[in-house]
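The next block holds one structure in the form of structure tokens; read it before the comments.
2 protein chains.
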Amino acid sequence: MRKPKVVILGAGYGGLMTATKLQKAVGVNEVEILLVNKNDYHYETTWLHEASAGTLHHDRVRYNISEVIDRNKVDFIQGTVSEINTKEKKVILEDGELEYDYLVVALGGESETFGIKGLKEHAFSIVNVDSARQIREHIEYQFATYKAEEEKKEERLTIVVGGAGFTGIEFLGELSNRVPELCREYDVDPNKVKMLCVEAAPTVLPGFDAELVKYAVAQLEKKGVTFMIGTAVKEGTPEGIIVAKGEDELEEIKAGTVVWAAGIRGNSVIEKSGFEAMRGRVKVQPDLRAPGYDDVFIIGDSALIINEEINRPYPPTAQIAMQQGETCAHNLAVLIRGKGEIQSFTPDIKGTVCSLGEDDAIGVAFGKKMVGGKASFMKKVIDNRSLYMIGGPTLVFKKGKFNFL
Amino acid sequence: MRKPKVVILGAGYGGLMTATKLQKAVGVNEVEILLVNKNDYHYETTWLHEASAGTLHHDRVRYNISEVIDRNKVDFIQGTVSEINTKEKKVILEDGELEYDYLVVALGGESETFGIKGLKEHAFSIVNVDSARQIREHIEYQFATYKAEEEKKEERLTIVVGGAGFTGIEFLGELSNRVPELCREYDVDPNKVKMLCVEAAPTVLPGFDAELVKYAVAQLEKKGVTFMIGTAVKEGTPEGIIVAKGEDELEEIKAGTVVWAAGIRGNSVIEKSGFEAMRGRVKVQPDLRAPGYDDVFIIGDSALIINEEINRPYPPTAQIAMQQGETCAHNLAVLIRGKGEIQSFTPDIKGTVCSLGEDDAIGVAFGKKMVGGKASFMKKVIDNRSLYMIGGPTLVFKKGKFNFL
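Protein chains in written order, with the working numbering: chain U, 1 to 405; chain R, 406 to 810.
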């Protein structure tokens with residue numbers, strides 16, 4: 001009898017959790033598991049803001065997939081997914097094709113620029129190791145060039161962050177710690193450096209506790225960040241951005257570096273493959289399968305799940321993606337064996353902590369509000385927990401964060 | 406009686422040697438000594454190719470001037486010299502004026518582009534800490550961007566070095582050691598990287614022993630450098646360079662980085678101040694004074710001294726600049742005291758070693774030819790000797806090179 005073939009697309013939090021749980025749940029004779037990923041490494045998406053700011057080396061935020069998968073049970077292919085042909089049950093790669101019986105689409109999200117002109121061309125996004133590393137180098141190059149050039153362009157030392165959501169704020173937390181180091185490294189006067197956070201919404205970190213948000217804003221302002229809240233970005237240009245000022249007026253902000261951190265959408269492969277989706281996100285069934293497909297699970301950034309309590313979608317977090325991976329692996333095992341019970345996915349939000357740099361954070365965990373060192377400690381515990389859940393203690397030991405203050 | 410005032414412009418090899426020798430030779434009551442320099446640090450010009458390639462941090466190639474001058478005897482002003490008014494015995498700074506009784510012009514050289522179009526705008530030069538650091542960051546940024554961009558521009562990984570003289574070859578030696586590191590750091594395929602050396606002259610390292618040159622070329626070629634000898638650069642463009650190919654044909658070479666290392670000239674302040682000069686270099690008298698000026702010494706890159714044996718100027722090296730500094734300090738002491746004998750300057754070339762990277766070199770020292778590890782060792786001894794001559798054993802201990810293989 002032919003073994004069923006499970007193909008998992010993406011080795012992010014969701015995909016890798018599915019693979020590592022499934023390899024434990026099933027025997028080598030029961031199923032063929034194939035993991036497909038663009039790179040031969042997994043990266044901690046939630047740590048990318050650190051690599052982007054240059055406060056943590058990019059090699060610290062990634063590890064080889066081979067370190068956590070059981071090669072006896074899981075095959076790995078490095079490849080880029082172009083499209084899924086659900087009728088023929090095939091995955092089209094940039095250089096090949098794969099057949100599947102069961103498919104897990106755990107392809108990560110993409111930056112969402114909401115059609116704002118020029119952002120794709122001129123702004124950076126914190127989306128993967130390549131882009132994080134490029135942001136780090138870009139900022140360093142701006143500092144080095146400013147110091148070396150005869151006619152100084154002050155705007156080289158202006159860094160605009162578009163978006164005061166989680167990514168924007170966490171990046172600013174790291175960046176404001178990094179700037180004094182950059183000034184020393186490149187002999188630049190710290191007073192010349194500007195950090196701006198431009199956010200269209202009327203508040204920083206929408207959805208977060210107001211008291212904690214106030215703390216975060218004050219801390220970042222103390223470290224040199226200027227907030228422009230309720231300010232919509234209208235355009236990205238080679239020189240910076242154009243924002244709305246009042247009703248009809250526009251204002252140009254010159255900036256050597258613009259990081260767009262205001263939106264994330266699902267993967268564009270979702271739409272290309274004909275799934276019904278909103279901004280690349282499919283409203284999945286309770287068992288995480290795509291509506292109308294018995295053989296396709298969608299998890300992570302491309303899955304949309306409504307939080308019934310507030311009637312809004314859950315944000316696509318690492319925590320939820322990993323929990324989805326666990327449910328997905330369970331449900332796959334049930335389908336493969338034809339016995340057991342299909343589970344419905346229910347997120348179990350243990351807490352949310354937003355870092356404000358290595359030594360500071362705000363958060364809610366186990367129903368308690370926290371700021372400063374305590375919250376920062378909790379953030380590192382959470383970061384280490386991601387490693388533990390996928391790779392066990394060995395991975396925590398190799399890649400964990402132990403610089404507790 | 407008013408103490409005579411000696412003003413020393415520039416804290417490079419020549420200026421700093423003059424200051425440190427003079428402070429030992431004269432008493433605090435005999436003379437007022439003022440050292441003027443653009444930065445508050447001295448840098449080892451002959452190590453800048455390492456900082457540019459990124460094989461040695463730029464902080465390793467510089468030290469604070471205050472570490473080597475005796476503040477009881479020498480005053481230091483950080484300032485940029487605009488012009489010298491020899492009639493009024495004044496130095497015009499960007500933000501002030503200084504009077505002198507005796508002047509030592511030890512302002513360093515500048516990159517010479519021989520009027521080739523576009524080079525000043527589009528090529529980098531290894532001239533100071535700022536430019537070295539910018540080259541390092543530029544190359545890193547090219548690698549990071551290549552890896553991150555969707556449509557790859559292969560030319561980002563092409564580095565053109567204009568000039569196969571000392572600086573060009575030493576830079577290529579470091580760069581070819583650095584490229585494998587860069588490829589690892591930025592996940593770039595080493596086969597995509599190109600290093601080109603374009604030289605108009607018919608040979609690499611003109612004036613060097615032919616056998617040693619052959620060794621150098623072979624070693625650099627082994628590390629991936631391609632030589633285009635007898636090839637004149639006609640233009641620098643935003644995309645790279647245009648070279649002469651045969652008699653009338655031109656060829657475009659696309660390159661993300663162009664480093665122009667083909668020429669050095671004296672300081673432009675020399676011409677602005679009315680000294681008779683060729684490319685910013687003044688043919689000084691045997692005692693190192695400018696012809697027609699009893700109170701102005703010119704040493705280092707802006708001084709021209711003919712090697713009578715071959716009837717060609719000595720190249721402006723650190724070795725010669727430091728020896729000039731010694732003679733200059735002696736002659737100043739004689740003038741100040743009105744006794745003793747003015748010395749004529751005679752270079753004492755102890756040897757010349759051209760580095761091919763951390764672990765390799767070619768050279769002639771004490772009349773003997775050397776290659777490989779032995780020559781590389783000698784290079785480090787020479788580097789440490791510069792430190793020793795200006796700052797004694799303390800400075801060697803702090804800044805010296807001890808990574809002998």
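No residue lacks a Cβ here, since even glycine has one placed at the ideal position from N, Cα and C.
Taking the C-beta atoms as reference points, V233 of chain U is found nearer than 8 Å to I116 of chain U. V689 of chain R has its alpha-carbon roughly 27 Å from the corresponding atom of Q483 of chain R. Apart from the 5 residues on each side of it in sequence, L587 of chain R sits with its Cβ closer than 6 Å to the Cβ of F548 in its chain, given in chain order.
The Cβ-Cβ distance between A333 of chain U and V7 of chain U does not fall below 8 Å. Checking the DSSP bridge columns, you'll see G645 of chain R partnered with R:T642, R:K659. Residues of chain U with a Cβ closer than 7 Å to the Cβ of Y546 of chain R are, in chain order, E137, H138, Y141.
Contacts with chain R at 8 Å (Cβ-Cβ) include T145 of chain U. Listed in chain order, the non-local C-beta contacts of V371 of chain U below 6 Å within the same chain comprise Y215, I362, local neighbours out to five positions each way being set aside. Pairing K147 of chain U with A537 of chain R, the inter-Cα distance amounts to about 11 Å.
The distance from the Cβ of A660 of chain R to that of V565 of chain R is about 4 Å, consistent with a contact at the 8 Å cut-off. Boundaries of the beta strand (DSSP E) harbouring Y102 of chain U: 102-105, taken from the DSSP string. Contiguous alpha helix (DSSP H) elements confined to the segment 128-153 of chain U occur at 129-148, taking only those with 4 or more residues.
Contacts with chain R at 8 Å (Cβ-Cβ) include Y186 of chain U. Note on geometry: alpha-carbon atoms of V786 of chain R and C759 of chain R lie some 13 Å from one another. By a beta-carbon distance limit of 8 Å, V663 of chain R contacts F529 of chain R. Their separation comes to about 7 Å. If you look at G567 of chain R, you'll find it in the beta strand (DSSP E) that goes 563-567. Per DSSP, M683 of chain R is not a residue of any beta strand (DSSP E), being assigned neither H nor E. For N384 of chain U, the secondary structure class from DSSP, reduced to helix, strand or coil, is helix. In the three-state reduction of the DSSP assignment, L709 of chain R falls in the strand class. Looking at the backbone, the Cα of D40 of chain U and that of G10 of chain U are separated by about 11 Å.
Note that the segment 192-207 of chain U touches the segment 223-231 of chain U; at least 3 beta-carbon pairs, one per stretch, sit closer than 8 Å.
Between S131 of chain U and chain R, the shortest Cβ-Cβ separation is below 8 Å.
The beta-carbon of A148 of chain U is placed less than 8 Å from the nearest beta-carbon of chain R. Residue contact with chain U for Q690 of chain R: absent (no Cβ-Cβ distance below 8 Å to any residue of chain U).
Distance from the CA atom of A210 of chain U to the CA atom of A201 of chain U, rounded to whole angstroms, is 14 Å. For G578 of chain R and D788 of chain R, the gap between their C-alpha atoms comes out near 16 Å. Between A329 of chain U and L22 of chain U, the C-beta gap is smaller than 8 Å, which places the two residues in contact. The continuous beta strand (DSSP E) containing E83 of chain U extends over residues 81-85. For Q134 of chain U, at least one C-beta of chain R is nearer than 8 Å to its own C-beta.
8 Å or more divides the Cβ of E449 of chain R from the Cβ of G796 of chain R. Looking at the DSSP output, R289 of chain U shares a beta bridge with U:F297.
Rounded to whole angstroms, the gap between the alpha carbons of K272 of chain U and N128 of chain U is 21 Å.
In the displayed model, R467 of chain R falls within a strand according to three-state DSSP. With a threshold of 16 other beta carbon atoms within 10 Å, T485 of chain R falls short and is exposed. Excluding its 5 nearest sequence neighbours in each direction, A695 of chain R has C-beta neighbours in its own chain below 7 Å: F680, V687, V689, V701, I703, listed in chain order. Residue pairing for H42 of chain U: DSSP places it in a beta bridge opposite U:Y63.
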